[in-house]
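Here's the structure, in structure tokens; my notes come after.
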Amino acid sequence: MLDYVGLEEELTDGERAFRDEAREFADERVRPTIADHYEAGTFPEEIIPEMGEHDFFAPNLEGYGLPNVSETAYGLLMQELEACDSGLRSMASVQGALVMYPIHAFGSEAQKEEWLPALGEGEAVGGFALTEPEHGSDAGSMETRAERDGDGFVLNGQKRWCTNSPIADVLVVWARDASAEDEPVRGFLVETDRDGLEIDSIDGKLSLRASSSGEFTMDDVRVPEENVLPHVSGMKGPLSCLTQARFGIAWGAVGAARDCFEEAREYATDREQFDTPIGGFQLQQGKLAEMATEITTSQLLAHRLAELKERNELRPQHVSMAKRNNVEMARDQSRIAREMLGGNGITDEYSPMRHMANMETVYTYEGTHDIHTLILGQDLTGLSAFE
Ligand code: FAD
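Take the sequence shown: its letter number 317 is residue 317 in UniProt numbering, and every next letter is one higher.
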């Protein structure tokens, strides 16, 4: 496995063991059937409790049966899951960083006790509903409203692109509290069997096919007061969750690119043309050298991010830089790897084309590449080009 500057040596035994456990799980339980799931447009749901047994959901959180591993160990987990498929990493990212994290950070004690063990063990599945049909990058303009009604709230609105939602038990729905001054955004835990909630799968995706994506309408969905996340109000609620998830994506993209590199390197040494392994040609060596360099520099950025996060010095803008850089890197390098595999590279026998298609989603979700560029632009100049 590509580790050109010896980052392996910096890991603790525990981090190495957790990384190996994730790699083995992905290779044995998911990789053999991932191309079939990709073609069918399905997520292998039967592995969710197994992922729970392996502590793959929010393992960097503490309490409620969660192991509180280091941020590097968490990053390595995301890297290994995405080396298999971005759909696998997305499932774990949403469950851990976008559902368990807000409950852990902003939830009541009762909410934590009800949901964190079940979600951590993979007995329950969660989704995060911020995006709406008419509001993606500009999520703060959301139209979904929660009206106070006696001792609870009534939710109305539409959400789109909610990963896991067709298979979820609970959704973290972000909505404007219409009964409060300035209508702040609040987080609501909405069980998927509530009346008035209608969830549909989004079919016809040409990217992230091995992932369950949904959209839903809420038509007078009633939730009790105790389903509101009590300790956060405003867009900092969803945005702080996204920072957690984007940290995982910065690591995950390195995994996807590494998998492409390994396939291309192996192919280049096996495949002969003009009586020579194609890896002996300077043009192909140039591609491998570029790929290895790009992956290595992205790996270094991911490792640095984990150090900063561990020290509580990580800023959302650091995460924007890493998400922006590492996903663009994986998007570019997966295409080069596909190219090195010639015609065989367009089949599902090899991973690069699947990773390449997945990267179109990863480039767009959790803040598009453009939006992260604008976040960095604002940080570097003090001038906002988008608010
Ligand atoms: P738009 O915001 O309409 O953007 C369209 C284009 O305009 C983009 O290229 C964008 O970069 C550009 N653009 C927008 N504003 C500006 C600007 N100010 N300056 C320059 N360019 C701009 N959301 C959730 O809430 N939960 C999920 O679980 C989830 N999962 C997803 C899974 C998949 C497979 C996909 C595809 C999306 C998912 N999303 C999810 C939604 C995702 O976060 C949004 O797609 C993303 O935020 C972009 O929003 P949009 O698609 O509406 O594009």
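Ideal placement from N, C-alpha and C gives every residue a C-beta, glycine not left out.
* To do: Would you mind reading off the limits of the beta strand (DSSP E) that contains glycine 126?
  => 126 to 129
* To do: With hydrogens ignored, establish whether the beta-carbon of threonine 131 is closer than 8 Å to any heavy atom of the ligand FAD.
  => yes
* Alpha carbon to alpha carbon, what distance is there between arginine 209 and glycine 87? -> 7 Å
* To do: Specify the secondary structure class of aspartate 195 as computed by DSSP and reduced to three states.
  => coil
* Of the choices Gly127, Thr361, Ala306, Gly52, whose alpha-carbon is the least far from that of aspartate 169? -> Gly127
* Asked: Exposed or buried, what is serine 165 when buried is set at 16 or more other beta-carbons lying within 10 Å of its beta-carbon?
  -> buried
* Under 8 Å from any heavy atom of the ligand FAD, does the C-beta of residue 417 make it? -> Coverage of the chain is limited to positions 1 through 387, which leaves residue 417 absent and any answer about it impossible.
* Quick check: the stretch 14 to 21 against the stretch 59 to 78, are there 3 or more CB pairs under 8 Å? -> yes
* What do you get for valine 125, buried or exposed, if any count of 16 or more other CB atoms within 10 angstroms of its CB means buried? -> buried
* **glycine 248, buried or exposed, once every other Cβ within 10 Å from all chains shown has been counted against 16** => buried
* Return yes when the C-beta of histidine 369 is under 8 Å from any heavy atom of the ligand FAD, and no when it is not. => yes
* Where do the N-terminal and C-terminal ends of the beta strand (DSSP E) with arginine 222 fall, by residue? -> 213 to 224
* Short check: CB of leucine 288 to CB of arginine 304, under 9 Å? -> no
* Asked: Does the beta carbon of lysine 112 fall short of 8 Å from some heavy atom of the ligand FAD?
  -> no
* Asked: Cβ-heavy atom distance between alanine 268 and the ligand FAD below 8 Å?
  -> no
* Asked: Just curious, the beta strand (DSSP E) that alanine 175 is in, first and last residue?
  -> 170 to 177
* Asked: Would DSSP call glycine 87 helix, strand or coil?
  -> helix
* **Span separating the alpha-carbon of leucine 116 from that of arginine 324** => 30 Å
* **Residue burial classification, tyrosine 148 (beta-carbon count within 10 angstroms, cutoff 16)** => According to the sequence provided, residue 148 is arginine. The question's tyrosine does not apply to it. By the neighbour-count rule (16 or more Cβ atoms within 10 Å), arginine 148 is not buried but exposed.
* Sequence-distant residues of the same chain with beta carbon closer than 6 Å to cysteine 162, five excluded per side -> Gly127, Ala129, Gly214
* Asked: Taking 8 Å as the cut-off, does the CB of histidine 135 come closer than this to any heavy atom belonging to the ligand FAD?
  -> yes
* Compare the C-alpha of threonine 102 against each of His37, Met235, Glu310 and name the closest. => Correcting the residue type first, residue 102 is proline in the shown sequence and not threonine. Considering only alpha carbons, the answer is Met235.
* Does the pairing of the stretch 250 to 262 with the stretch 279 to 298 give three or more beta-carbon distances under 8 Å? -> yes
* If we ignore side chains and look at the alpha-carbon of each, how far apart do residue 393 and glycine 367 end up? -> No answer is possible for residue 393: it lies beyond the span of the chain, which begins at 1 and ends at 387.
* Asked: Quick check: the stretch 213 to 227 against the stretch 264 to 279, are there 3 or more CB pairs under 8 Å?
  -> no
* Simplified DSSP state of leucine 189, which is helix, strand or coil -> strand
* **Reduced DSSP category for asparagine 164 - H, G, I as helix; E, B as strand; rest coil** => coil
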